[in-house]
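Working notes, structure below.
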Amino acid sequence: MKLKIAVLAGDGIGPEVTREATSILRAVAELGGHDFTFTEGLIGGIAITETGSPLPTATLDTALDSDAVLMGAVGDNKFNALPPDKRPEAGLLQIRQALGGFANLRPSIAYAALSESSPLRPEVTKDVDILFVRELLGGLYFGAPRWWNRETNESINTMRYTKAEVTRVARIAFELAAKRRKKVTSVDKANVLEVSQLWRATVTEVAQDYPEVTLEHQLVDSMAMHIMNTPRNFDVVLTENLFGDILSDEAGVITGSLGMLPSATIGGTVNLYEPVHGSAPDIAGTGKANPLGAILTAAMILRHSANLEQDAKAVEQAVHKVLNAGYRTADIARGRPSITTQEMGKLVHQALAESIDLRQAMHAV
Ligand code: NAD
-6 MKLKIAVLAG DGIGPEVTRE ATSILRAVAE LGGHDFTFTE GLIGGIAITE TGSPLPTATL
54 DTALDSDAVL MGAVGDNKFN ALPPDKRPEA GLLQIRQALG GFANLRPSIA YAALSESSPL
114 RPEVTKDVDI LFVRELLGGL YFGAPRWWNR ETNESINTMR YTKAEVTRVA RIAFELAAKR
174 RKKVTSVDKA NVLEVSQLWR ATVTEVAQDY PEVTLEHQLV DSMAMHIMNT PRNFDVVLTE
234 NLFGDILSDE AGVITGSLGM LPSATIGGTV NLYEPVHGSA PDIAGTGKAN PLGAILTAAM
294 ILRHSANLEQ DAKAVEQAVH KVLNAGYRTA DIARGRPSIT TQEMGKLVHQ ALAESIDLRQ
354 AMHAV
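Residue numbers (the working numbering): -6 to 358.
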C-alpha cells in the first residue's frame, strides 16, 4: 500500500501530538510492509512567522499533491491582535476550503477505562460508539444572503441546501453505516423548517439504495436529549452543518476529554485529518498534551484513505489497551500519576507492535 501524507503540525501542542501520530503511522507501514511517505508543511502561526502567510502556497501545493493531510492544530496568542483573515486560524479555514471535503466525521466513543472522566454515568456511556457525519460546506454557515445592518439593527443568515448536497453526504453516511452496525439516524427540524423537509425527503430516498441499513429520523431538539440519555442506541448520526456542530460537541463529553477526540473531513480532493482540539497554548511545551486524539486521527487515515481497516482497528485497540493498563496523560489522570505525551505515544506504539506481530504470527500458522 502506497500513501503520500502531508503533515502540517502547526502551533502549540500541534507538533507534539503530531509527532506521536506520525510515529504510529510509520510503525504501521514498517510492520505491514507499506510505503507511506511524509512531507512536512507550514501552517498557522509558525507559517506566519516564517513566510508571512498562515497558509503558504508551498503548503497548499504539498497538500493537494498528497493522498491525505494530517493536521496538528493552529493558534498562537501572539497573533491575537491581527485581523481574522491574517491570523493562524485563517490558514485552517483556507485549507479546509481548498481541499473541499463536505463530510466531517467525528467518532464519539466511550472508553471503559475513562468512564469516570465523563460527566455521564458509566452505565449510560458503556459501549457507546457513535460516528457523526456532519455536512460541512452548506447550511446556515455558508448560505446567502447573510448580513448585519447596524443602522436598522437587523441581521440575517440563510439555511440553504440543494438535493445534490444532501444526497452526497447521505451516501457517505449510509456507506459507513453498512460497514458498521447498519443504522443511520438522520437529524433535522422537519416539523418547522422547509430545509429540513428537503433533507428528510432526500435522505429517505437515498436510503432505498441501502436496504441493509436501517434509517430513523430524529428532530434535533429531542436528539440532544437522546444523546445524553441513550447514546448506545446510535450508530451513524447524519446531520446538516449547524446541528452537527452542536451535537458532535455535546457527544464529545461521552469520551471525557477534548484530547481524545479525532476527526476527518472527506469527500473533497484530498481528505483532511485533524484532532478536534486546538493548539492548547496553556500546556504547549510541557509534555502534558494528550496525543491520543491525534493517534486516533491517524487510525482514521488508515481506515478512510489507506483502506487498511485491520490496522486502523489495531491502533484503536492499542489505545484501549494502554488506557486499560492504567496509563494516563494529565487531562485524564483525575488525581492519578500521569505520563508525558511522548511516553503515551511510546506505549501505544508498543501495544500496536505486539498486536500486529501476533496477527502476523497467527497468519503464518
Ligand atoms: P484548545 O482545544 O486549544 O484548548 C482547550 C483546553 O483543553 C485547554 O485547557 C487545553 O489545555 C486543553 N487541551 C486541548 N487539547 C488537549 C490535549 N491534546 N491534551 C490535553 N489537554 C488539551 O482550545 P482553546 O484554548 O479555545 O484555543 C487555543 C488556540 O487553539 C486558539 O488560538 C484557537 O483559535 C485554536 N484552535 C484551533 C483549532 C484547530 O486547529 N483545529 C481548534 C480549536 C481552537
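Note that CB positions come from ideal geometry on N, CA and C, so glycine has one too.
Simplified DSSP state of ALA137, which is helix, strand or coil: In this structure, ALA137 counts as coil in the three-state DSSP scheme.
GLU13 and ALA299 closer than 8 Å at C-beta: It is not a contact, given that the beta carbons lie outside the stated cut-off.
Per-residue DSSP class, three states only, for PHE72: Note: PHE72 maps to helix in three-state DSSP.
SER108 (DSSP reduced to helix, strand or coil): In this structure, SER108 counts as helix in the three-state DSSP scheme.
Residues near SER179 by beta carbon distance below 6 Å, same chain, minus five either side: The beta carbon of SER179 sits closer than 6 Å to those of VAL196, HIS210 and LEU231, all from its chain and outside the five residues before and after it, given in chain order.
Distance cut-off 7 Å: HIS274 Cβ against heavy atoms of the ligand NAD: Going by the sequence as given, residue 274 is Pro instead of His. For the ligand NAD, at least one heavy atom lies less than 7 Å from the Cβ of PRO274.
For THR248 and VAL117, the rounded distance between their alpha carbons: Each residue's alpha carbon lies about 12 Å from the other.
Pairwise C-alpha distance: ALA344 and LEU24: If I take the Cα positions, the gap works out to 13 Å.
Euclidean distance between Cα positions of VAL177 and ALA171: Rounded to the nearest angstrom, the two C-alpha atoms are 9 Å apart.
Start-end ranges of the beta strand (DSSP E) lying completely within the region 37 to 86, minimum 3 residues: For the region 37 to 86, whole beta strand (DSSP E) runs of length 3 or above, ordered along the chain, are 61 to 66.
Straight-line gap, LEU254 to ALA326 (C-alpha atoms, nearest Å): The alpha-carbon atoms of LEU254 and ALA326 are separated by roughly 16 Å.
Unbroken beta strand (DSSP E) run spanning VAL126, endpoints: Counting along the chain, the unbroken beta strand (DSSP E) around VAL126 starts and ends at 122 to 128.
DSSP-derived helix/strand/coil call for ARG114: The answer is coil: DSSP assigns ARG114 none of H, G, I, E or B.
Alpha carbon of THR223 to alpha carbon of THR44, nearest angstrom: Between THR223 and THR44, the C-alpha separation is close to 49 Å.
Contact test: LYS281 Cβ vs the ligand NAD heavy atom, cutoff 7 Å: Here the distance from the Cβ of LYS281 to the nearest heavy atom of the ligand NAD is below 7 Å.
CB contact below 8 Å: GLU187 versus chain B: The chain labelled as chain B is not found in the depicted structure, where only one protein chain is given.
Residue burial classification, ARG80 (beta-carbon count within 10 angstroms, cutoff 16): When all chains shown are included, ARG80 counts as buried.
Inter-residue Cα distance where the pair is VAL188 and VAL121: Take the alpha-carbon of VAL188 and the one of VAL121: they are about 30 Å apart.
Residues that DSSP places opposite TYR266 in a beta bridge: Note: TYR266 is bridge-paired with LEU63 and ALA257 in the DSSP secondary-structure output.
Ordered list of beta strand (DSSP E) runs contained in the region 148 to 223, each at least 3 residues: Counting only runs of 3+ residues, the beta strand (DSSP E) found wholly inside the region 148 to 223 occupies 176 to 181 and 207 to 212, in chain order.
Assigned secondary structure, PRO8 (DSSP; H/G/I helix, E/B strand, else coil): Correct three-state label for PRO8: helix.
The region 313 to 331 contacting the region 23 to 43, beta-carbon criterion three pairs below 8 Å: The region 313 to 331 is not in contact with the region 23 to 43.
Cβ pair PRO49, ALA56 closer than 8 Å: Not closer than 8 Å, so no.
Contact check, THR32 vs LEU63, beta carbons under 8 Å: Contact flag unset, no.
Assigned exposure category for TRP141 - 16 Cβ within 10 Å defines buried: TRP141 is exposed by the Cβ-count criterion.
Extent of the continuous beta strand (DSSP E) run through LYS(-3): Start and end: -5 to 3.
Sub-8 Å separation of VAL263 and SER46 beta-carbons: Cβ distance not < 8 Å, so VAL263 and SER46 don't count as in contact.
With 16 other Cβ atoms within 10 Å as the buried cut-off, status of ASN234: Buried.
GLY26 beta carbon less than 8 Å from that of PHE125: GLY26 sits away from PHE125, with the two beta carbons spaced by 8 Å or more.
Candidates ARG296, TYR266, ARG352 and GLY278, of which the one nearest ASN61 by Cα: Residue identity check: residue 61 is Ala in the sequence provided, not Asn. The shortest Cα separation from ALA61 among ARG296, TYR266, ARG352 and GLY278 belongs to TYR266.
Span separating the alpha-carbon of VAL269 from that of ARG161: About 24 Å.
Inter-stretch contact at 8 Å, needing at least 3 Cβ pairs: the region 103 to 117 / the region 199 to 213: They do not touch, by the three-pair rule.
Residue burial classification, LEU351 (beta-carbon count within 10 angstroms, cutoff 16): Residue environment analysis places LEU351 among the exposed positions, since fewer than 16 neighbouring C-beta atoms fall within 10 angstroms of its C-beta.
Other residues of its chain near ARG164: CB distance less than 7 Å, five sequence neighbours each side excluded: Excluding residues within five positions, the ones whose Cβ falls inside 7 Å are VAL199.
Straight-line Cα distance separating VAL246 from THR279: Those two C-alpha atoms are separated by around 25 Å.
Closer than 7 Å: ALA66 CB and nearest the ligand NAD heavy atom: ALA66 Cβ: within cutoff of the ligand NAD.
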